Amino acid sequence: MADYIEGKRPVIEALRAQMPLISVLMADNVQQDSQIKDILRKAKQYDVPVKTVPRKVLDERSERGSHQGVMAHAKPYQYSSVTDILKFAERDAEKNNGAALVVLLDHITDAGNLGAIARSVDVIGASGLIIPGKRSASVTAATYKSSAGAINHVRCAQATNLASAIDRLKKAGFWVAGASEKAQHTVWEAPLYGKIALVMGNEAEGLARLTLEKCDFLVKLPQAGHVGSLNVAQACTAVMYEWMRQTTARAAEGE
Numbered sequence: 000m001a002d003y004i005e006g007k008r009p010v011i012e013a014l015r016a017q018m019p020l021i022s023v024l025m026a027d028n029v030q031q032d033s034q035i036k037d038i039l040r041k042a043k044q045y046d047v048p049v050k051t052v053p054r055k056v057l058d059e060r061s062e063r064g065s066h067q068g069v070m071a072h073a074k075p076y077q078y079s080s081v082t083d084i085l086k087f088a089e090r091d092a093e094k095n096n097g098a099a100l101v102v103l104l105d106h107i108t109d110a111g112n113l114g115a116i117a118r119s120v121d122v123i124g125a126s127g128l129i130i131p132g133k134r135s136a137s138v139t140a141a142t143y144k145s146s147a148g149a150i151n152h153v154r155c156a157q158a159t160n161l162a163s164a165i166d167r168l169k170k171a172g173f174w175v176a177g178a179s180e181k182a183q184h185t186v187w188e189a190p191l192y193g194k195i196a197l198v199m200g201n202e203a204e205g206l207a208r209l210t211l212e213k214c215d216f217l218v219k220l221p222q223a224g225h226v227g228s229l230n231v232a233q234a235c236t237a238v239m240y241e242w243m244r245q246t247t248a249r250a251a252e253g254e
C-alpha cells in the first residue's frame, strides 16, 4: 500500500526533514493560506512535484480523513540488509583500530524513538542499525522528523530474526552488550570498546528473555536522581557515547 502523509503540518515536516517524496497532492479547491504557501515553497526548494487533483481523490486515498486538502506521496524506505551492515562494520573496524558499533533494537514500538536513535547512530558514526521486521517500529514520516533527516544517512536493516542477527555479529567478532536495569555494572565499569553490538530493549518491557540470553554482558547507566530510567532513545545515546569515549581513550593509549 502506498505511504501517504496527510495534513498541512505533517507534509511541511516531511519536506523539512527531506523525506524522499514522489509528489505532493493538493486539492483543486484548497485555500491558499500561509501553510499551503510554505508547502509550495519547500516543494520547489527540494524539487518535489506538486500535483493539483480533485478533492475526492484525496478523500479516497486518505486513511484518517484528515488531509486538509494536501497529502504527500512518500517513497518506500530502502532498508539495508544485515549482510550490508556487517560488511560496512568490518570496513569501519579496519579504519578505526578494530572498533565498530552496531545498534540493535529489540522491538521498540515508537517510530519517533527509532528516529531519535537513528540520529545518534549517525552522529556517533556507528556502522548501522538493526530492527526486527515484525512487531516493531519501522521507518515512517515520524522517523524522518525525529531523526532530523539523519535516517537518510543511516544503514538500517530489518532482520527476520533478531537472535540470528546477534549470532552473526558474534561470529564476526562482536561482543554483545545489552542495556538493562538488571545489569550489575554501569557503562563506566563495562568493557564498552572495540567491536560492540549494543542491544536496546522495548520501551515498556526492556530486553526479551531470549535476547538477554544472547548478550555477552549487560550494562546500565549510573543514576543519582529519582526517576527510574531514561527514555530508550536518550539511554541509547548515552551508552553509545560511552562506547566512543572508551574506544577513543584506548586508541590514544595505543591499545
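Numbering-wise, numbering that gives the first Met the number 0 puts 231 at position 232 of the sequence shown, and it's gapless, one number per residue.
Backbone N, C-alpha and C define an ideal beta-carbon position, used for all residues, glycine too.
It should be emphasised that the depicted structure is a prediction, and the values quoted were computed from it without experimental measurement.
Requested in this report: On a CA-only basis, which of Val69, Leu39, Lys36, Lys43 is nearest Val52? Give me that one, please.
Outcome: Within the sequence shown, numbered from 1, the residue matching residue 52 stands at position 53. Considering only alpha carbons, the answer is Val69.
Requested in this report: Following the continuous alpha helix (DSSP H) through Leu161, name the residue where it begins and the one where it ends.
Outcome: By one-based count along the sequence shown, residue 161 stands at place 162. Unbroken alpha helix (DSSP H) run through Leu161: 161-170.
Query raised in the report: Run through DSSP, which three-state label would Cys214 get?
Result: Looking up residue 214 in the sequence shown gives position 215. Looking at Cys214 - three-state DSSP - the assignment turns out to be coil, as it is neither helix nor strand.
Query - Where Ile84 falls: helix, strand or coil (DSSP) - result: Taking the sequence shown and counting its residues from 1, one reaches residue 84 at position 85. If DSSP states are grouped into helix, strand and coil, Ile84 belongs with the helices.
Query raised in the report: How is Thr51 classed by DSSP in three states: helix, strand or coil?
Result: Position 52 of the sequence shown, counted from the start, is the residue given in the question as residue 51. It is a strand residue.
Requested in this report: Could you spell out the range, first to last residue, of the beta strand (DSSP E) harbouring Gly127?
Outcome: As a position in the sequence shown, residue 127 is number 128, starting the count at 1. First-last of the beta strand (DSSP E) with Gly127: 127-131.
Query raised in the report: For the alpha helix (DSSP H) that Asp121 lies in, which residues bound it at each end?
Result: Position 122 of the sequence shown, counting from 1, holds the residue named residue 121. Unbroken alpha helix (DSSP H) run through Asp121: 110-123.
Query raised in the report: When DSSP labels each residue in this structure, what does Met243 get in the three-state scheme?
Result: Numbered from 1 along the sequence shown, position 244 holds the residue referred to as residue 243. If DSSP states are grouped into helix, strand and coil, Met243 belongs with the helices.
Requested in this report: Take every Cβ of the segment 30-40, pair it with every Cβ of the segment 96-112, and state whether three or more of those distances are shorter than 8 Å.
Outcome: no
**Report entry** Residue span of the beta strand (DSSP E) that contains Ser145, given as start and end
**Finding:** For this step, residue 145 is matched to residue 146 along the sequence shown. Premise fails: Ser145 lies in the alpha helix (DSSP H), 140-145, not in any beta strand (DSSP E).
Query raised in the report: For Ile107, which option in Thr236, Glu212, Asn201, Arg244 has the closest C-alpha, if you only look at C-alpha atoms?
Result: Taking the first residue of the sequence shown as 1, we reach residue 107 at position 108. Ile107 has its Cα closest to that of Asn201, out of Thr236, Glu212, Asn201, Arg244.
Query - Chain-order list of residues whose beta-carbon lies under 7 Å from that of Arg249 (same chain, five-residue window excluded) - result: What you label residue 249 is simply residue 250 of the sequence shown in a count that begins at 1. Once the five neighbours on either side are set aside, the close Cβ partners of Arg249 are Tyr192.
Requested in this report: Spell out a yes or no on whether the segment 129-137 and the segment 172-186 are touching, meaning 3 or more CB-CB pairs, one atom from each, closer than 8 Å.
Outcome: no
Query raised in the report: Which runs of the beta strand (DSSP E) fall wholly inside the segment 178-224 and span at least 3 residues, in chain order?
Result: 194-199, 216-218
Query - Status (buried if at least 16 other CB within 10 Å, exposed otherwise) for Ser145 - result: Walking along the sequence shown from the start, residue 145 turns up at place 146. So Ser145 ends up on the buried side.
Query raised in the report: Can you tell me the Cα-Cα spacing of Ile84 and Ser61, whole angstroms?
Result: The residue labelled residue 84 in the question sits at position 85 within the sequence shown. The residue labelled residue 61 in the question sits at position 62 within the sequence shown. If you take the alpha carbons of Ile84 and Ser61, they lie about 36 Å apart.
Requested in this report: May I ask you to list the residues that DSSP assigns as paired with Ala25?
Outcome: Taking the first residue of the sequence shown as 1, we reach residue 25 at position 26. The question names Ala, but residue 25 is Met in the sequence shown. Answer is Thr51, Val69, bridged to Met25.
Query raised in the report: What's the C-alpha gap between Tyr76 and Val138?
Result: Counted from its first residue, the sequence shown places residue 76 at position 77. Counted from its first residue, the sequence shown places residue 138 at position 139. If you take the alpha carbons of Tyr76 and Val138, they lie about 7 Å apart.
Query raised in the report: With 16 other CB atoms within 10 Å as the buried threshold, where does Trp187 fall?
Result: Indexing the sequence shown from 1 puts residue 187 at position 188. Exposed is the call here.
**Report entry** Environment of Ser33 [buried if 16+ CB atoms lie within 10 Å]
**Finding:** Residue 33 sits at position 34 when you count from the first residue of the sequence shown. Exposed: under 16 other Cβ atoms inside 10 Å.
Query raised in the report: Start and end of the beta strand (DSSP E) containing Val153?
Result: Walking along the sequence shown from the start, residue 153 turns up at place 154. Neither: Val153 is in no beta strand (DSSP E) and is coded neither H nor E.
Query raised in the report: If we call anything under 7 Å between Cβ atoms a contact, is Leu20 one with Val47?
Result: Taking the sequence shown and counting its residues from 1, the one referred to as residue 20 is at position 21. Taking the sequence shown and counting its residues from 1, the one referred to as residue 47 is at position 48. The answer is yes: Cβ separation under 7 Å.
Query - Between the CA atoms of Gln31 and Ala203 - distance to the nearest angstrom - result: If you number the sequence shown from 1, residue 203 lands on position 204. If you number the sequence shown from 1, residue 31 lands on position 32. Those two C-alpha atoms are separated by around 43 Å.
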